[in-house]
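Each position in the sequence shown, counted from 1, maps to that position plus 11 in this note's numbering.
Glycine residues also receive a C-beta, built at the ideal position from the N, C-alpha and C atoms.
Note sheet for the following structure.
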Amino acid sequence: YTTYVTLRGMAISLVAVTQRLTDQDFTPIFTEALQNGKKKLFQYYNAHALRFFAINSGFTCAIMLTVISIFEDIFLGLGLDRYLLTIPFLIPSLIFRASKPYMDYPGKILIAADKPTFVMLLNLMEQGLRIVVLWLTIVVFRVQDLGIYGVVWVLVLGDFPATLVKVIISFV
């Protein structure tokens, strides 16, 4: 288990540039616009923030997919053959990292709109859903029996459906 967690951590670190380039906190400008009653200004900021996320995440994902395709050669060329097992973790880690700004975005808007109680309730619901989704994934569907790809799914994207439900409810 420790080996898989280490490989997951390394894969997430290798694709971390996708989150670093898009990780901007727009909460202060949202707060300033909403607390001063400037809804049109907030809508303008919101549209441009989403455009910023989309352009940067698309750009960085395209670059990372290109780089991921040559990681095997890089590892072998540098004599890092022990790290070849991180390759199955790279695409799910890219999905995890590239979607992170979008997953955090509704919570930041709700905080800016002075709705911390609603954010707390959403987070409690998400944690409960994570337990249910992981239980379904491991106990009912037995995804880990699929080999390395099942382990990759459980470790990297196992709780992704729960987070996705929270984000959909937040956006609605």
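For residue i, name the three-state secondary structure that DSSP assigns.
i	result
Q35	coil
N47	coil
I81	coil
G161	helix
L89	coil
A109	helix
D170	coil
D125	coil
F100	helix
F152	coil
If you count every other CB in all the chains shown that lies within 10 Å of the CB of residue i, and 16 or more means buried, which is it?
i	result
Y94	buried
I120	buried
P127	exposed
S80	exposed
Y56	buried
S11	Past the edges of the chain, shown from 12 to 183, lies residue 11, and the structure says nothing about it.
T13	exposed
F39	Here residue 39 is Pro; the residue named in the question, Phe, does not match the sequence. Looking at its Cβ environment, which holds fewer than 16 other Cβ atoms inside 10 Å, P39 is exposed.
V144	buried
M75	buried
A73	exposed
V178	buried
Counting only beta-carbon atoms, is residue i nearer than 7 Å to chain B?
i	result
V144	No chain B is part of this structure, which consists of one protein chain only.
Apart from the five residues just before and just after residue i, which ones in its own chain have a Cβ nearer than 6 Å to its Cβ?
i	result
L18	L96, T97 and F100
In angstroms with no decimal places, state the Cα-to-Cα distance between residue i and residue j.
i	j	result
R153	P117	32 Å
Y15	M21	10 Å
Q138	V176	11 Å
I102	D170	16 Å
L32	I180	26 Å
L157	W164	10 Å
L147	E83	33 Å
K50	A124	11 Å
Q30	G88	27 Å
Excluding five sequence neighbours on each side, which residues of the same chain lie with their C-beta closer than 8 Å to the C-beta of residue i?
i	result
F53	F41, A44 and L45
D92	F86
Under 7 Å Cβ to Cβ from residue i, same chain only, skipping five residues before and after it: list those, please.
i	result
F37	Y56, A60 and K119
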